[in-house]
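Asks: In the UniProt record's numbering, the protein residues as written are 1 to 796. What follows is a single structure, and I will ask about it in a moment.
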Amino acid sequence: MKALKNWRYLDRSSAGIALEVENRHRLTVTVLEQSLIRVTLLKDGAYRMDRTWAIAPEGDVPFEGRSRDDLTGFSCPDFHLEDQDGRLVLETDTLRLTINTPLALAWESRPAKGAPWQEIARDRPQDAYMIGRRDQRNHHFMRRNPDERYYGLGEKSGSLERNGKRFEMRNLDAMGYDARSTDPLYKHIPFTITDKGALGAVGLYYDTLAPCWFDLGNEKDNYHLPFRAFRAADGDLDYYFSWAPSVLDIVKQHHRLTGGTAFMPRWGLGYSGSTMAYTDSENAQERLMEFLGKLSEEDMPCDSFQMSSGYTAIKGKRYVFHWNTDRFPEVETMTRAYAEADINLIANIKPVLLDDHPMFGEVAEAGLFIRDSETGAPEQSPFWDGYGSHLDFTNADTVAWWQQNLKEKLFSKGIACTWNDNNEYEVWDDEAICAGFGKPIPVNLIRPLHSQLMTRASYEAQVADQPKKRPYLISRCACPGTQRYAQTWTGDNYTSWDTLRWNIPMGLGLSLSGFYNIGHDVGGFAGPRPDPELFLRWVQNGIFHPRFTIHSWNDDGTANEAWMYPEITPLVRDALKFRAQLIPYLYSLLHLAVTEGEPMLRPLFLDHADDPACREAEFDFLLGRDLLVATVVEEGATSRRVTLPANQEGWWAFDGSTWYEGGQVIEVPVALDTIPLFVRGGTVLPLAAANLRATPSSDTSRVWRIYPQPEGTPDRNSQFYDDDGDTVEALDGESCLTRLCLSRTADAVRLDWQRSGNWQPAFDTGTLWLAGTGAVTVNGTARKAGDTINFAMSPS
């Protein structure tokens with residue numbers, strides 16, 4: 001490695017400046033927004049990778065990638081530049097960047113033009129930038145201050161706060177991981193948030209798909225002040241520096257920068273069944289049909305089923321796009337039965353063909369695989385008890401082959417949705433050759449990109465198959481931008497109480513990193529069968545995540561099923577039905593995520609930054625801004641400590657029996673049927689009254705649960721979204737928005753609402769429910785709080 005020290009100013013463009021470093025390298029600074037600046041260091045002045053698939057300020061990028069220098073979608077405001085005694089100072093209205101010698105950058109911010117500048121970040125003063133002399137490695141070192149808190153990095157084990165730890169980005173099939181300590185995992189998300197307290201927050205996104213490492217205080221070196229480090233094995237040093245007044249603002253900025261969230265169909269928020277045990281059975285079709293019958297028998301709502309890869313098996317191995325007709329003798333009979341039950345089937349697909357796959361020869365002959373760096377033959381990697389070759393999704397012919405097989409092998413048989421799995425691309429021949437859309441690329445530069453392009457190829461095939469429907473997809477591996485196409489989850493977790501607990505901050509880490517539509521395998525995927533208590537607590541937690549799927553591959557061959565333990569089945573049923581009631585609220589949160597960049601799952605501190613207790617609450621979280629979830633995550637618990645964030649409105653127990661002042665930690669008694677749930681004062685919570693399915697046409701009545709704020713606190717506004725649930729027309733205005741305002745005086749609670757939009761919901765009646773214990777009068781009629789009041793819903 002070579003430390004870079006000397007630089008000279010070259011020129012200024014309309015959007016930034018360029019420097020020459022050590023007489024050979026090029027550093028550019030590009031002003032994208034008032035509070036967003038890009039810094040790029042190019043070895044020998046040339047890109048190692050000249051395209052990006054992450055940066056999408058207008059919502060998406062071409063399949064073959066976007067030029068890294070493309071400024072479309074950015075305002076590129078004017079900036080001031082001056083030389084101050086050998087230091088170069090660049091200013092926007094809210095950011096000031098100083099470039100020092102030896103090469104080191106210092107960053108200051110201010111809330112508005114004219115306000116004083118305050119330092120928010122700086123590189124370490126010595127050896128801040130390093131480049132490999134004989135290879136493409138690049139390093140970046142910044143000062144680390146004791147008052148900073150670090151978040152982000154996506155799907156990571158352990159605490160949500162990343163201080164003092166080292167993390168690796170190298171996507172692996174990490175089945176059975178320890179949710180408290182295993183690293184790396186499935187996803188590649190090189191994005192950090194630095195919480196500076198009163199000084200706001202800093203976002204730092206390194207736009208690289210190469211293996212990389214973040215050290216946020218684990219490493220110490222006597223010759224340097226405390227520092228944080230970024231190290232990449234390949235690629236270019238290309239980072240986006242952003243500042244905002246709060247962590248939430250940084251999260252939303254990054255979400256927009258990487259293209260936002262897919263607006264999946266409403267049914268994707270319903271309970272989704274799954275287990276490997278069914279499709280791995282020799283009577284797989286029979287077991288899937290039995291699942292339909294059990295749902296009806298047990299009176300449990302379900303909106304989809306994720307079919308594991310056993311349907312493709314030949315002698316225990318997986319062969320994508322092959323149907324095992326012994327296990328599934330009448331595929332279309334089964335898919336019709338699921339369609340008639342209004343349960344959507346989602347088929348597992350994999351991007352690797354084993355070397356004895358029936359189609360391997362023709363695919364190899366067509367050149368659709370990633371190629372070995374030395375022989376040019378299809379690369380060979382371990383995969384599912386054998387060796388196989390990875391499909392190359394940077395080859396347009398591969399994409400066409402993939403989409404044609406989806407059409408012929410799945411869509412034509414009545415399966416319209418895809419589960420893009422085992423797509424971590426563990427190809428360890430670093431120089432293995434990818435087609436690169438006509439410009440060959442070594443796989444080490446773009447390994448996680450293949451998972452995104454695989455998912456996008458599936459997405460586009462589903463759109464072509466059903467052009468009027470919003471597609472549903474799920475992908476296990478992901479990198480920034482994948483959330484534009486699919487839901488994701490935290491992979492093949494291990495069955496334990498520790499996993500139940502530590503999957504919570506893992507999911508929140510994804511949410512802070514721009515992946516809002518996520519969940520976990522409920523009950524645990526790998527390891528022993530969960531006991532009744534653990535299974536029930538996992539279900540009670542899972543119902544508050546966007547993806548709610550009970551999934552398993554238990555060591556003893558059993559399946560995690562909602563009815564697996566008769567002694568707790570009534571409580572599991574209650575939880576599933578409550579999830580179904582929550583769908584109007586969840587769907588509105590999804591709409592807010594898509595349209596306004598609001599995270600669905602939120603750590604407590606995201607909305608209560610001034611309450612220090614909120615930063616210590618590892619296992620409590622918010623669903624939206626107003627629903628505080630504190631499910632039981634300890635074996636044999638008889639009570640649960642709950643952090644209630646400080647606010648003016650306080651918090652109601654969900655049942656409306658008790659109002660609590662915010663800013664305290666309470667302890668509530670719990671039994672097996674207890675789900676500790678609290679609602680912020682001033683909230684109106686919409687629940688489905690009659691509908692226990694996600695289909696809007698059966699959502700014929702609504703309950704509006706009113707949780708008043710105390711007298712003297714401000715009015716609270718909220719909005720709730722409805723549409724037909726799955727068509728693209730909803731995105732063009734065929735929808736309905738209900739805006740609510742809840743106000744409080746000494747002797748009255750007033751609720752005003754207004755509905756707008758072209759779409760008429762199925763519900764035309766509603767029920768008002770008021771929290772509290774006192775007597776009330778509604779339009780002159782005496783009522784007691786907790787009573788329900790029926791009313792007609794007017795269309796305007």
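Glycine included, C-beta positions come from ideal geometry on N, C-alpha and C. The structure displayed is predicted, hence computed values, not measured ones.
Which residue from Arg26, Glu431, Ala347 and Val39 puts its Cα closest to that of residue 802?
Replies: No answer is possible for residue 802: the residues shown for the chain start at 1 and end at 796.
Asks: So Thr455 is in the alpha helix (DSSP H); what residue range does that whole segment cover?
Replies: Where Thr455 is concerned, the enclosing alpha helix (DSSP H) stretches over Leu449 to Asp465.
Asks: Please classify Asn503 as buried or exposed, where buried requires at least 16 neighbouring CB atoms within 10 angstroms.
Replies: Buried, since its Cβ has 16 or more Cβ neighbours within 10 Å.
Asks: Note down the Cα distance separating Ala232 from Thr40, rounded to an integer number of angstroms.
Replies: In a straight line, the C-alpha of Ala232 is about 14 Å away from that of Thr40.
Asks: At which residue ranges does the stretch 395-430 contain complete alpha helix (DSSP H) runs of 4 or more residues, listed in the order of the chain?
Replies: Those alpha helix (DSSP H) runs which fall completely within the stretch 395-430 and span 4+ residues are 396-409.
Asks: Less than 8 Å separating the beta-carbons of Trp704 and Val728?
Replies: No, Cβ-Cβ distance for Trp704 and Val728 is not below 8 Å.
Asks: Ends of the alpha helix (DSSP H) at Gln581?
Replies: Segment Thr569 to Glu596, the alpha helix (DSSP H) holding Gln581.
Asks: Between which residues of its own chain and Ser796 is the CB-CB distance below 7 Å, once the five residues before and five after are set aside?
Replies: For Ser796, the predicted structure reports a pLDDT of 48, less than 50, and the residue's modelled location is therefore unreliable. The matter cannot be settled from this model.
Asks: May I have the straight-line CA-CA distance separating Pro57 from Asp127, to the nearest angstrom?
Replies: Distance between the alpha carbons of Pro57 and Asp127 is about 33 Å.
Asks: Just to confirm my understanding: we take Ser246, look at its own chain, exclude 5 residues before and 5 after, and list those with CB closer than 7 Å. What are they?
Replies: Closer than 7 Å at Cβ, skipping near neighbours: Gly200, Ala201 and Ala609.
Asks: Quick one: what's Ala121 bridged to in DSSP?
Replies: In DSSP, Ala121 forms a bridge with Trp107.
Asks: Thinking C-alpha only, which one of Lys468, Ser511, Ala337 and Asn541 is nearest Gly523?
Replies: Closest by alpha carbon: Asn541.
Asks: Does DSSP put Lys165 in a helix, in a strand, or in coil?
Replies: In this structure, Lys165 counts as coil in the three-state DSSP scheme.
Asks: To which residues of the same chain is Ser735 closer than 8 Å at the C-beta, ignoring the five residues directly before and after it?
Replies: Same-chain partners within the cutoff: Tyr721, Asp722, Asp723, Gly757, Asn758 and Trp759.
Asks: If I measure Cβ to Cβ from Asp207 and keep anything under 6 Å in the same chain, skipping five residues before and after, which residues do I get?
Replies: Here the set comprises Thr52, Ala54 and Asp238.
Asks: Note the first and the last residue of the continuous beta strand (DSSP E) segment covering His80.
Replies: Unbroken beta strand (DSSP E) run through His80: His80 to Gln84.
Asks: Around the C-beta of Lys350, are 16 or more other C-beta atoms found within 10 angstroms, so that it is buried, or is it exposed?
Replies: By the 10 Å Cβ count, Lys350 comes out buried.
Asks: By DSSP, does Pro382 sit in helix, in strand, or in coil?
Replies: Strand.
Asks: Rounded to whole angstroms, how far is the Cβ of Lys413 from the Cβ of Glu332, which I believe are closer than 8 Å?
Replies: Correct: roughly 6 Å between the Cβ atoms.
Asks: Can you have a look at Asn517 and say buried or exposed, based on whether 16 or more other CB atoms are within 10 angstroms of its CB?
Replies: So Asn517 ends up on the buried side.
Asks: Could you give the first and the last residue of the continuous beta strand (DSSP E) run that contains Glu20?
Replies: Run containing Glu20: Gly16 to Val21, per the beta strand (DSSP E) assignment.
Asks: Does DSSP put Thr765 in a helix, a strand or coil?
Replies: If DSSP states are grouped into helix, strand and coil, Thr765 belongs with the strands.
Asks: Can you tell me which residues form a DSSP beta bridge with His140?
Replies: Bridge partners of His140: Tyr129 and Phe230.
Asks: With DSSP as the reference, label Ser796 as helix, strand or coil.
Replies: Summary for Ser796: the model assigns pLDDT 48, below 50, so the residue's position carries little reliability, and this model does not support an answer.
Asks: Could you tell me the alpha carbon to alpha carbon distance between Tyr47 and Gly733, rounded to whole angstroms?
Replies: Whole-angstrom Cα-Cα distance: 43 Å.
Asks: Let me know the secondary structure DSSP gives Ile675 once reduced to three states.
Replies: Looking at Ile675 - three-state DSSP - the assignment turns out to be coil, as it is neither helix nor strand.
Asks: Could you say if the stretch 554-562 and the stretch 646-660 meet the contact criterion of at least three C-beta pairs nearer than 8 Å?
Replies: At 8 Å Cβ cutoff, the stretches do not touch.
Asks: The beta strand (DSSP E) with Gly152 in it runs from where to where?
Replies: That run of the beta strand (DSSP E) goes Arg149 to Gly152.
Asks: Val594 and Thr261 - do their beta-carbons sit closer together than 8 Å?
Replies: Yes.
Asks: Exposed or buried, Trp428, counting other C-beta atoms within 10 Å across all chains shown (16 or more means buried)?
Replies: Burial call: exposed.
Asks: Can you give me the Cβ contacts of Asp234 inside the same chain, cut-off strictly under 6 Å, excluding the 5 residues immediately before and after it?
Replies: Counting only Cβ-Cβ distances below 6 Å, and skipping sequence neighbours, we find Gln136, Ala210, Asn444 and Leu445.
Asks: Decide if Glu374 is buried, meaning its Cβ has at least 16 other Cβ atoms within 10 Å, or exposed.
Replies: With fewer than 16 Cβ atoms within 10 Å of its Cβ, Glu374 is classed as exposed.
Asks: Going by Cα to Cα distance, which pick from Met1, Cys302 and Glu91 is closest to Leu576?
Replies: Looking at the Cα atoms, Cys302 is the closest of the given residues.
Asks: Measure from the alpha carbon of Met130 to the alpha carbon of each residue in Glu119, Met142 and Ser272, then state which is nearest.
Replies: With distances taken between Cα atoms, Met130 lies closest to Met142.
Asks: Where do the ends of the beta strand (DSSP E) carrying Ile504 lie?
Replies: Per DSSP, Ile504 belongs to no beta strand (DSSP E); it is in the alpha helix (DSSP H), Trp497 to Leu512.
Asks: Tell me the DSSP bridge mates of Thr488?
Replies: BP columns for Thr488 point to Ser475.
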